[in-house]
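To start, the structure itself, in structure tokens.
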Amino acid sequence: MTMLFLLLCPLAVALFLLVFKSRFAREIALSASVAELLASLYLAWGFDSQGGVQFAINQAWIPSLGINFSVGVDGISLLLVLLTTVLTPFIILSSFSMSNSRPSSFYGLILLMQMALVGVFVARDGFLFYLFWEIALLPIWFISLIWGGEGRRRITLKFFIYTLTGSLFMLVGLVYLYLQTPGQHSFELEAIYAAGQSLPAMEQGLLFWALFVAFAIKMPIFPFHTWQPDTYVVAPAQGTMLLSGIMLKMGIFGVIRWLIPVVPLGVQEWSHVAIILSVIGIIYASGIAIVQNDFKRLIAYSSIAHVGLIAAGLMTLSQAGMQGAVIQMLSHGILVFSLFYIAEIFFERTGSRVLSGLGGIRNAAPVLSSVFIIVMLGSVALPFTSGFVGEFLLLKALVQYQFATGAIAALTIILGAVYMLRAFQKSMSGELNSNTNDFYDLTTREKVILFPMVVLIIGIGVHPTPLLEISGAAVDNILSVMANYSASTN
Amino acid sequence: MVGLDILISLIPGLPLLGFLMVSLFNKHLSHAMAAGIACGSVLVSFALSVLTFSQLLSLPVEQRSFHVLLSEWISTGNISANISFLIDPLSAIMLLVITGVGLVIHVYSVGYMHGDPGFNKFFSYMNLFVFFMLLLVMGSNYLLMFVGWEGVGLCSYLLIGFWFRNDAYNLAANKAFIMNRIGDLGLLLGVILIFIHTGSFEYADVFAGIPGMDGGIITLIAILLFIGATGKSAQIPLYTWLPDAMAGPTPVSALIHAATMVTAGVYMVVRNNLLYSLAPFALEIILVIGLATALFAATIALTQNDIKKVLAYSTVSQLGLMFVALGLGAFSSGIFHMVTHAFFKALLFLGAGSIIHALHGEQDIRQMGGLKKFLPLTHLTFFIAVLAISGIPPFAGFFSKDEILAHAFAHQPLVWGLAMLSSLLTVFYMFRLYFLTFYGQARASAQKMQAIHESPGNMTIPLIILAVLSVTGGFLNVPEILGGSAWLHQFLEPVTGASHAAVTVHPLSHATEYVLMGIVVAFSAVVIYFAYQIYMVKKSIPAAEGAPSGALQNLVYNKYYVDEFYQMIISRPLHWISEKLDVVVERLGIDRLVNSTGVTVVEGSKVLRLLQYGSIGVYIFVMVVSVVVLLALSLIN
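So the sequence lines, in the order shown, correspond to chains E and W.
Take the first sequence: its letter number 186 is residue 1231 in the working numbering, and every next letter is one higher.
Take the second sequence: its letter number 45 is residue 67 in the working numbering, and every next letter is one higher.
Dropping the structure here:
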């Protein structure tokens, strides 16, 4: 029941808001997202970390095509559902100061997006997964198109077409796999796994690319990333938060659930290329971040760098790499949401996000300054912040994979500090200037949003083990699929 | 003893608590209360450290180690790292220095920072620093050491940029953090390799596993860890952040950038003495780098006119000397010099702070002079520190420096010669500094001299305590030939003994040792005489900025243009490449390629135009409703 509620609650409220324009749209949306959060916490409460897939619902949907409404959570899904449900209320709350002529549509779209995101993370049927994957694209596209900034039409169109193209590759891949399933054909996850694993290496290699391109565009990793910085900059703050905080995890999650166990031979064959691309992306995006002057764009590139590390570590197909990827997804979601929110606070107060025009904000806003420092430390992966745990596990996986690759990827430790410290110094330190003279410290609402993030950043950093335990069994499960498979073929 | 575990955990726990209280209630606490909490927490930490130390002493030598498991930290698969502490002779000595010198400097800061609007923030950062520094030396595994290692770097960053309105200070803070991170990268890679090859982060397990490891891997790990040390302990090539770090308040320079944090590299190498003893090549590198740094920095110190810059380069040079000891395999000698250096260098910095305080912020020694009669206590204690760092018997520096020189001679006379040269340079620049500051004409402006006064008691008492330690510190480890028992050496034996099998330290004959000692002292006396002639008799004052000077002098005065060199070969190329990546590769390359592909598709597609201009409400509604209907229908069926 909880599972169904998680999908239906945001959907129902979203439809209500889209159809009947309500004056209390934001309050309704916030209540719905809080209800969703409570429901997901209830789910986590009842979750047994050793218990495999739980809260499963499996109903025939379109039997003639072998499509089932099949959902359920394992540890990895649960953590990503939690990321979604934790961030969404804060994203909604962060929009309360925005002037909005069509609030009802705005919040309806956010909730629709939430439904789709949760759906992607819990789907255990290939068709359902694809459906949620595509539904997720629409609301975010509209949010960016309608409430976005200058140049939104061109930029969002590019975003839409780019990611849609990627998804079409995935669709082709999924349908091909579906056709390989025996008898009546089925989109069931297990059936897809069995079908994919039985294919010869050559075909698995092709399927790897069909699926991987879709996921790589979504994350995005180098060189499939060029839609991302422009879209992040042009989208309204909440759109950017949804995109970077949650939506890009769809790509990483896709690799974990719908790529690695599906075509293990293809993955073994091509993971090296994926690692090289990802590591190039780390250095490349970090380098570009160093010279950015728009804070939002800087965060966008830093996000590409961080995601590159996640993808590279994940593709080592090791326990540390996959666990690191999972916990880093959570940490990245929290950090990037906080960073974009800080950028938004700058923008609301000064009308600008251009770093060279800011400065001295520490004088006027000591609390914001402290929060920013902690978020920055998380972002540069200082130990005892959430960023360190994941980054450490990922780097460990990469060093073990190959020392030189690990050492190059680890340059992120230095480069990350270079661009983040620069951003902090330019905006916060020095003397106040004509732009920042009227700056004021965090309001209560802003504190309500940012303080929990600070608690999460430090809390996960000091005590990450419960999260690692939740995903541990699921990760082992996926790796054992790989191991069994390579053992049986040898 | 009941609850020793808890007491040990409180040693870092209390400064952490102090940090949390002062930072969370920053606005609600009066300055006096914040200072009370901050100093109080370090005081109790110090008392507990003494207690722990005495407990350790009461045990037989081979049992002198406590292990305290506080909690699990990161645990997944075969990876497991705990928050757990190891108290053994090495960490016990470090604890005493950190909390002891830390306490003295906390007290001093109450006077020094009096009236600063950021007073409470300052003390919260100081407490946080003590916490991380204690974690660094108490952690029983590499990962916890890394936490402390990065944590102290953070506090250093926060405190260098403490006066954040000044952009030069902010740049100095960024530079310190980033250069440290270059080192940290090496350390992190080393720690990861250690784990990969031994399957554990715990020192005990790792040390047991090291002898079975491949020699090449051991050397690689040893070098990677040492790269970490060159960052934190300001050795060539990563030393240039330390002189700039003098932007922080002077007590910070004393505590973090002289007595404790910068010695973390020394601690780390000694902790890993077994590893290093099996990597002779790495030891050779340490020796060369240490020696080069000791000499190089000492020559720069000769020409600096900012009192804190002189002391900063002196610190770099003295750290180099400690690494010389480590490179020679004389691990306990390195720790000995670290301890005495903590006393006299902290004293020098606090003395400098007292002068700067008296002169309302003046740091240029050309604008000082004649301060002896105005600041009698500061003068006396500063003089003791100068004697101690110059290695005049029987002050602390004499014993610790002499030990290193003796080891150097036993290794190779050339190493001894170069190490002695750096010591003599030290004697010269310290006396130069001393004479220029306290003797001769009072050169400060009349306005500054008018209000000059000796510092208040909470600043001078710390000076006296450190002066006493600078006089007596050497007696910790009086060598046998001078009738001592080399106590510190014996005490550290359970830790440093691990390397004895692989590293042999040649003993010198007593006669040689006496001769060496005599030579060093005699030369030092000659150098002091020179300095006296130049700065007391001829009353030379260093030339003002821009005055003509020789090419060599210019080169040294400008610190060999190393900063400019790094700017040229690293900073600027990095920015140039980044700029090109952004403008050329990203926008003209990849993005254009993507766009041209996209445009072709868009032109041909009228469907997408519909999407773009259609009404959202209708579109989404139709789409979602159809899905729901499909779903509902099939469920009913």
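Glycine included, C-beta positions come from ideal geometry on N, C-alpha and C.
Bounding residues of the beta strand (DSSP E) (the contiguous stretch that carries W/SER101): Strictly speaking, residue 101 of chain W in this sequence is Ile, with Ser absent from that position. Counting along the chain, the beta strand (DSSP E) containing W/ILE101 begins and ends at 101 to 109.
Compute the Euclidean distance between the alpha carbons of E/VAL1258 and E/ILE1200, then round it to the nearest angstrom. 20 angstroms
Tell me, please, whether the CB atom of E/GLN1470 is closer than 8 angstroms to any CB atom in chain W? yes
Just reading off the alpha helix (DSSP H) that E/LEU1213 is part of, what are its end residues? 1197 to 1225
Would you check whether the ligand COA has a heavy atom nearer than 7 angstroms to the C-beta of W/LYS470? Questions concerning the ligand COA fall outside what the structure shown contains, since it holds no ligand whatsoever.
Run down chain W in chain order and give the residues with a C-beta less than 8 angstroms from the C-beta of E/VAL1336. HIS597, SER600, GLU601 and ASP604
So with Cβ pairs under 8 angstroms, would you call W/ILE200 a contact of chain E? yes
Specify the secondary structure class of W/HIS89 as computed by DSSP and reduced to three states. strand
Listed in chain order, which residues of the stretch 90 to 110 of chain W have Cβ atoms closer than 7 angstroms to some Cβ of chain E? GLU94, ILE96, SER97, THR98, GLY99 and ILE101
Does DSSP put E/ILE1102 in a helix, in a strand, or in coil? strand
Only counting the same chain, and skipping five residues up and downstream in sequence, which positions put a Cβ closer than 8 angstroms to that of E/MET1046? none
Considering only their Cβ atoms, is the gap separating W/GLY351 from W/LEU305 smaller than 8 angstroms? yes
Expressed to the nearest angstrom, what Euclidean distance is found between the alpha-carbon atoms of W/LYS470 and W/ILE378? 11 angstroms
Looking at C-alpha atoms only, which residue of W/LEU277, W/TYR225 and W/PHE450 is the closest neighbour of W/TYR557? W/PHE450
Would you decide whether W/LEU341 is buried or exposed? Buried here means 16 or more other CB atoms lie within 10 Å of its CB. buried
Residues in its own chain within less than 8 angstroms of W/LEU246 by CB, not counting five upstream and five downstream? GLY208, LEU209, LEU211, GLY212 and LEU215
DSSP three-state assignment for W/TRP95, whether helix, strand or coil: strand
Would you mind working out which of W/GLY170, W/LEU70 and W/ILE120 sits nearest W/SER106, comparing C-alpha positions? W/GLY170
Does the distance from the CB of E/THR1361 to the CB of E/LEU1304 come in under 8 angstroms? no
Can you name, in chain order, every residue of its own chain whose Cβ lies under 8 angstroms from the Cβ of W/GLU425, other than the five neighbours on each side? ALA347, ALA352, SER355, PHE358, HIS359, ASN499 and PRO501
State the CB to CB distance for the pair W/TYR461 and W/GLY540, rounded to an integer number of angstroms; the pair is presumed to be in contact (CB under 8 angstroms). Going by Cβ atoms, the distance from W/TYR461 to W/GLY540 rounds to 29 angstroms, so no, they are not a contact pair.
W/PHE141 and W/MET135: beta carbons closer than 8 angstroms? yes
Taking the continuous alpha helix (DSSP H) assigned at E/VAL1126, which residues delimit it? 1120 to 1139
Looking at the structure shown, is W/GLU535 part of a helix, part of a strand, or coil, going by DSSP? helix
Against chain E, which members of the stretch 155 to 172 of chain W pass a CB distance test of less than 7 angstroms? PHE168, VAL169 and GLU172
Contacting residues, own chain, Cβ-Cβ under 6 angstroms from W/ASP585 (five flanking each side not counted): THR262
Name the DSSP bridge partner or partners of E/GLU1233? E/ASP1170
Out of W/TYR579, W/PHE47 and W/VAL549, state which residue places its alpha-carbon closest to the alpha-carbon of W/THR321. W/TYR579
Alpha helix (DSSP H) runs wholly inside the stretch 397 to 467 of chain W, at least 4 long, in chain order: 398 to 412, 418 to 433 and 435 to 460
W/ILE563 (DSSP reduced to helix, strand or coil): coil
So which residues of chain E does W/ARG293 contact, with C-beta pairs closer than 8 angstroms? Within chain E, no residue comes near W/ARG293; the closest Cβ sits about 18 angstroms away, beyond 8 angstroms.
Tell me the DSSP secondary structure of W/GLU224 in three-state form. strand
Closer than 9 angstroms, Cβ to Cβ, to anything on chain E: give me those residues from the stretch 172 to 200 of chain W, in chain order. GLU172, GLY173, GLY175, LEU176, TYR179, LEU180, GLY183, PHE186, ARG187, ASN188, ASP189, TYR191, ASN192, LEU193, ALA195, ASN196, PHE199 and ILE200
State yes or no: is the C-beta of W/ILE503 within less than 8 angstroms of the C-beta of W/GLU535? yes
Touching by the beta-carbon criterion (3+ pairs, under 8 angstroms), the stretch 1288 to 1300 of chain E and the stretch 1151 to 1167 of chain E: yes
Once you ignore the five residues that flank E/GLY1250 on each side, which residues in its own chain have a CB closer than 7 angstroms to its CB? GLY1311, GLU1314 and TRP1315
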